[in-house]
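Here the protein sequences line up with chains R and Z, keeping their order. Heads up: the first sequence runs through residues 0 to 316, numbered per numbering that gives the first Met the number 0. Heads up: the second sequence runs through residues 0 to 316, numbered per numbering that gives the first Met the number 0. Beta carbons: idealized from backbone N, C-alpha and C, even for Gly.
Protein chains: 2
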Amino acid sequence: MARRAEANNRLDDAARAGWLYYVAGRTQDEIASAMGISRQSAQRLVSLAVAEKLIKVRLDHPIAACLELAERLKDKFALRYVEVVPTDPASTSTTVGIAEAAAVEIERWLKSTDPMVLAVGTGRTLKAAIDQLPPMECPQHRIVSLTGNIGPDGSAAYYNVIFSMADAVKARHFPMPLPVLVSSPEERDLLHRQDLVQFALQLGRQANVAFVGVGELGTDAPLCVDGFLAREEMDRLTSTGACGEICGWMFDKEGQLLADVINDRVASVPLPSRDTATVIGLAKGLKKYTAIRAALTGRIINGIITDEVTAAYLLSA
Amino acid sequence: MARRAEANNRLDDAARAGWLYYVAGRTQDEIASAMGISRQSAQRLVSLAVAEKLIKVRLDHPIAACLELAERLKDKFALRYVEVVPTDPASTSTTVGIAEAAAVEIERWLKSTDPMVLAVGTGRTLKAAIDQLPPMECPQHRIVSLTGNIGPDGSAAYYNVIFSMADAVKARHFPMPLPVLVSSPEERDLLHRQDLVQFALQLGRQANVAFVGVGELGTDAPLCVDGFLAREEMDRLTSTGACGEICGWMFDKEGQLLADVINDRVASVPLPSRDTATVIGLAKGLKKYTAIRAALTGRIINGIITDEVTAAYLLSA
DNA sequence: TTCGCTCGTGGGCAATTACTCATCAAACAA
DNA sequence: TTGTTTGATGAGTAATTGCCCACGAGCGAA
Numbered sequence: 000m001a002r003r004a005e006a007n008n009r010l011d012d013a014a015r016a017g018w019l020y021y022v023a024g025r026t027q028d029e030i031a032s033a034m035g036i037s038r039q040s041a042q043r044l045v046s047l048a049v050a051e052k053l054i055k056v057r058l059d060h061p062i063a064a065c066l067e068l069a070e071r072l073k074d075k076f077a078l079r080y081v082e083v084v085p086t087d088p089a090s091t092s093t094t095v096g097i098a099e100a101a102a103v104e105i106e107r108w109l110k111s112t113d114p115m116v117l118a119v120g121t122g123r124t125l126k127a128a129i130d131q132l133p134p135m136e137c138p139q140h141r142i143v144s145l146t147g148n149i150g151p152d153g154s155a156a157y158y159n160v161i162f163s164m165a166d167a168v169k170a171r172h173f174p175m176p177l178p179v180l181v182s183s184p185e186e187r188d189l190l191h192r193q194d195l196v197q198f199a200l201q202l203g204r205q206a207n208v209a210f211v212g213v214g215e216l217g218t219d220a221p222l223c224v225d226g227f228l229a230r231e232e233m234d235r236l237t238s239t240g241a242c243g244e245i246c247g248w249m250f251d252k253e254g255q256l257l258a259d260v261i262n263d264r265v266a267s268v269p270l271p272s273r274d275t276a277t278v279i280g281l282a283k284g285l286k287k288y289t290a291i292r293a294a295l296t297g298r299i300i301n302g303i304i305t306d307e308v309t310a311a312y313l314l315s316a
Numbered sequence: 000m001a002r003r004a005e006a007n008n009r010l011d012d013a014a015r016a017g018w019l020y021y022v023a024g025r026t027q028d029e030i031a032s033a034m035g036i037s038r039q040s041a042q043r044l045v046s047l048a049v050a051e052k053l054i055k056v057r058l059d060h061p062i063a064a065c066l067e068l069a070e071r072l073k074d075k076f077a078l079r080y081v082e083v084v085p086t087d088p089a090s091t092s093t094t095v096g097i098a099e100a101a102a103v104e105i106e107r108w109l110k111s112t113d114p115m116v117l118a119v120g121t122g123r124t125l126k127a128a129i130d131q132l133p134p135m136e137c138p139q140h141r142i143v144s145l146t147g148n149i150g151p152d153g154s155a156a157y158y159n160v161i162f163s164m165a166d167a168v169k170a171r172h173f174p175m176p177l178p179v180l181v182s183s184p185e186e187r188d189l190l191h192r193q194d195l196v197q198f199a200l201q202l203g204r205q206a207n208v209a210f211v212g213v214g215e216l217g218t219d220a221p222l223c224v225d226g227f228l229a230r231e232e233m234d235r236l237t238s239t240g241a242c243g244e245i246c247g248w249m250f251d252k253e254g255q256l257l258a259d260v261i262n263d264r265v266a267s268v269p270l271p272s273r274d275t276a277t278v279i280g281l282a283k284g285l286k287k288y289t290a291i292r293a294a295l296t297g298r299i300i301n302g303i304i305t306d307e308v309t310a311a312y313l314l315s316a
């Protein structure tokens with residue numbers, strides 16, 4: 000009984016100290032003299048109140064939910080960077096919110112005075128992000144494209160990500176004058192011997208950060224719609240377990256790169272090492288759920304910018 | 000639009016910084032580098048979040064001393080609800096602690112899924128309590144103001160309690176478009192025939208719970224300071240035994256409503272029956288001691304939120 | 001265009017808080 | 001009784017935070 004009472008007293012004191020500190024806004028010195036104890040003891044009582052969760056702090060703002068999801072995602076997948084933006088239920092856009100958030104993050108890297116190598120993939124989401132970038136002068140940085148910018152018909156590809164970006168931020172840039180997919184592994188090796196491509200390959204390995212889209216697979220996936228991949232080929236891939244792609248690299252639902260020959264025909268720069276670089280995926284939406292989850296699970300990416308609903312899905316199961 | 004968006008972004012950032020600081024327990028340095036800003040800016044965002052009341056701190060611990068006082072108060076005056084918060088000896092504020100405790104109790108009622116009628120008075124303390132309420136969606140409840148919201152000069156009154164509250168909790172609300180005091184009983188009867196006022200009068204009778212301030216009387220009482228009551232009138236009232244007022248209703252030191260004509264000029268909704276409703280007074284402080292004791296003695300209120308020192312006084316003698 | 005004006009920013013410094021360590025007292029077991 | 005353990009304490013110190021200042025960008029008015 001005595002011990003119990005003393006323990007209670009201590010918690011009571013902790014509660015009182017915590018109240019005076021957090022609610023009344025007094026300093027620990029004031030609390031100490033008010034309660035007739037030393038400053039250190041007051042500090043201990045305050046932290047005890049926190050440790051015992053007598054103090055509840057709450058944030059009343061729509062963003063609170065996003066931050067919480069982000070934190071949990073970061074823990075669950077051991078990520079370097081997570082950004083969760085509010086879901087706009089009224090919007091069917093696959094980029095709204097994501098693009099703005101990605102632009103902020105890209106800009107943050109570009110503001111660094113240390114020279115950086117930024118790698119970028121391609122796709123609608125990334126293009127939308129680039130379009131949000133303000134004009135900047137970044138001669139200290141280099142930007143490298145991870146994927147080819149040549150369409151299946153030989154023309155320049157649809158999402159002119161790296162040129163738009165270099166245009167906005169005035170940095171040296173290194174495109175990949177290749178298609179995403181070539182016809183054979185041999186052709187890829189041949190093309191990769193070009194000087195320009197060599198530059199890109201080498202820079203890709205040095206990248207500090209990469210921003211990539213996450214693509215779903217299926218006959219209405221961008222790769223098919225844009226004509227990079229025949230429908231039959233796509234059907235064959237999905238039937239053997241392919242689940243998503245990043246910069247053309249196909250992976251299964253565990254996030255393991257497919258052993259299929261298709262990945263030997265991808266002419267993209269290999270993704271930077273997730274040990275040395277932050278590889279941030281940009282994606283949201285029902286159709287991309289399984290692809291995103293796979294990419295995170297297999298650590299193909301170690302950063303993600305997504306929305307609330309997608310984040311909640313990724314945390315489920 | 001742009002300016003508004005920027006202001007929102009700033010608040011969003013403040014929310015984010017505040018969350019990282021208080022919920023995630025990061026240091027301001029970590030927050031600064033995570034958000035790509037200077038430490039000072041991070042500190043500013045954190046204090047902005049506090050200043051904008053995005054951060055709510057509450058203490059979940061029945062502090063023994065307070066609990067004991069509360070229990071004894073409850074017994075002595077046969078109260079339905081008592082909350083005693085710690086006294087901050089160094090503070091001259093009349094609301095610190097009371098407001099937070101009241102907000103918790105109001106929130107408790109609002110969380111009910113059963114439809115409730117909540118009645119509110121007015122005054123500094125109540126306003127401070129309302130300001131602590133988190134955003135909620137409470138379409139099932141109705142909130143009625145017990146006192147008019149028209150000031151002595153015809154403008155909307157100072158403490159915009161019911162509108163602030165409805166704003167935070169999104170419930171149907173019924174203000175009283177009247178002054179607190181009118182010039183004659185006849186004028187009151189006339190005004191009370193208005194439809195809007197009729198609604199409020201009727202709802203007031205149905206209230207499940209009421210939160211009211213307890214006002215002291217005297218020439219520096221709010222009623223005088225705010226110009227509702229002339230000094231001569233106040234002096235006359237106090238000399239005939241008036242001791243305090245709740246929602247304008249004047250009572251003597253036994254807690255009996257004055258038979259004086261003044262109470263026939265009060266345009267407020269009659270307080271809900273203490274047999275069917277919980278009428279909770281919010282007050283602390285030396286100047287209000289006798290008024291609070293009278294209100295409890297006369298059962299004008301059957302609930303109280305006060306502080307330790309005031310509670311001790313109420314238990315003395 | 002140019003002049004103020006406001007507001008945000010970063011530097012620097014003082015105040016405040018958190019942590020580590022050695023000590024000590026009380027409780028408990030042998 | 002005596003050794004051991006547990007846990008509180010204060011000192012000292014490192015880390016963190018709050019605040020003031022001067023500067024500069026952005027914006028509206030003249």
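Nearest to residue i (by Cα), restricted to the options the options
i, options, result
"R/I245", "R/G120, R/R264, R/D274", "R/G120"
"R/L228", "R/R141, R/P151, R/L109, R/S37", "R/P151"
"Z/A100", "Z/R123, Z/T91, Z/D74, Z/D59", "Z/D59"
"R/G247", "R/T237, R/R264, R/D234, R/P184", "R/R264"
"Z/V103", "Z/V95, Z/R57, Z/L68, Z/E70", "Z/R57"
"Z/A21", "Z/L195, Z/L117, Z/R192, Z/L53", "The amino acid occupying residue 21 of chain Z in the given sequence is Tyr; Ala does not appear at that position. Of the listed residues, the one whose Cα sits closest to Z/Y21 is Z/L53."
"R/M249", "R/L180, R/D166, R/S315, R/P174", "R/L180"
"Z/K283", "Z/S37, Z/I129, Z/S32, Z/E215", "Z/E215"
N- and C-terminal bounds of the alpha helix (DSSP H) containing residue i
i, result
"Z/H191", "184-191"
"Z/D28", "27-34"
"Z/T309", "307-314"
"R/F227", "Counting along the chain, R/F227 falls outside any alpha helix (DSSP H), and DSSP gives it neither H nor E."
Neighbour list for residue i in chain Z, Cβ cutoff strictly below 7 Å
i, result
"R/H60", "A14, L53"
"R/G17", "L58"
"R/R107", "G35"
Whole-number beta carbon distance between residue j and residue i, since they are thought to touch under 8 Å
i, j, result
"R/Y80", "R/G302", "4 Å"
"Z/A294", "Z/G254", "6 Å"
"R/L109", "R/V160", "Between R/V160 and R/L109 the Cβ distance is about 15 Å, and since that is not below 8 Å, they are no contact."
"Z/G203", "Z/T124", "Between Z/T124 and Z/G203 the Cβ distance is about 20 Å, and since that is not below 8 Å, they are no contact."
"R/A209", "R/I97", "Contact flag wrong, Cβ pair sits at about 16 Å."
"R/P271", "R/A199", "With 8 Å as the limit, R/P271 and R/A199 do not qualify as a contact, their Cβ atoms being about 12 Å apart."
"Z/S267", "Z/G122", "With 8 Å as the limit, Z/S267 and Z/G122 do not qualify as a contact, their Cβ atoms being about 12 Å apart."
"Z/E307", "Z/A64", "7 Å"
"Z/L177", "Z/I142", "Contact doesn't hold; Cβ gap of about 17 Å is too wide."
"Z/A69", "Z/E51", "The pair is not a contact, with the Cβ atoms about 32 Å apart (cut-off 8 Å)."
"R/D11", "R/M34", "That belief does not hold up - the Cβ atoms of R/D11 and R/M34 are roughly 11 Å apart, past 8 Å."
"Z/G243", "Z/T289", "7 Å"
Interface partners of residue i on chain Z, CB under 8 Å
i, result
"R/R79", "Neighbours of R/R79 on chain Z: none; closest Cβ ~11 Å, over 8 Å."
"R/D11", "H60, I62, A63, A64"
"R/E70", "A23"
Residues sharing a beta bridge with residue i, DSSP
i, result
"R/W18", "The partner list for R/W18 (beta bridge, DSSP) is empty, contrary to what the question assumes."
"R/L180", "R/V265"
"Z/K55", "R/R57"
"R/F250", "R/G243, R/L256"
"Z/Y158", "For Z/Y158, which the question treats as bridged, DSSP gives no partner whatsoever."
"R/L72", "Answer is none; R/L72 lacks a bridge partner."
"Z/M135", "Z/M135 is not bridged to any residue."
"Z/F173", "Z/V143"
Cross-chain neighbours of residue i in chain R, by beta carbon under 9 Å
i, result
"Z/G284", "Those do not exist, as Z/G284 stays about 15 Å from chain R at its closest Cβ, beyond 9 Å."
"Z/P133", "R57, D59"
Contact list for residue i against chain Z, beta-carbon separation under 9 Å
i, result
"R/V22", "V56, R57, L58, V84, P85, D87, V95, G96, E99"
"R/E29", "A89"
"R/I110", "The residue you asked about is not Ile; residue 110 of chain R is Lys in the sequence shown. The answer, in chain order, is G35."
Element boundaries [beta strand (DSSP E), containing residue i]
i, result
"Z/T296", "Here Z/T296 belongs to no beta strand (DSSP E); instead the alpha helix (DSSP H) covers 288-296."
"Z/G317", "In the structure as shown, chain Z starts at 0 and stops at 316, and residue 317 of chain Z therefore has no counterpart that could be examined."
"Z/S46", "Unbroken run through Z/S46 is the alpha helix (DSSP H), 38-50; no beta strand (DSSP E)."
"Z/S144", "141-144"
"Z/G212", "208-212"
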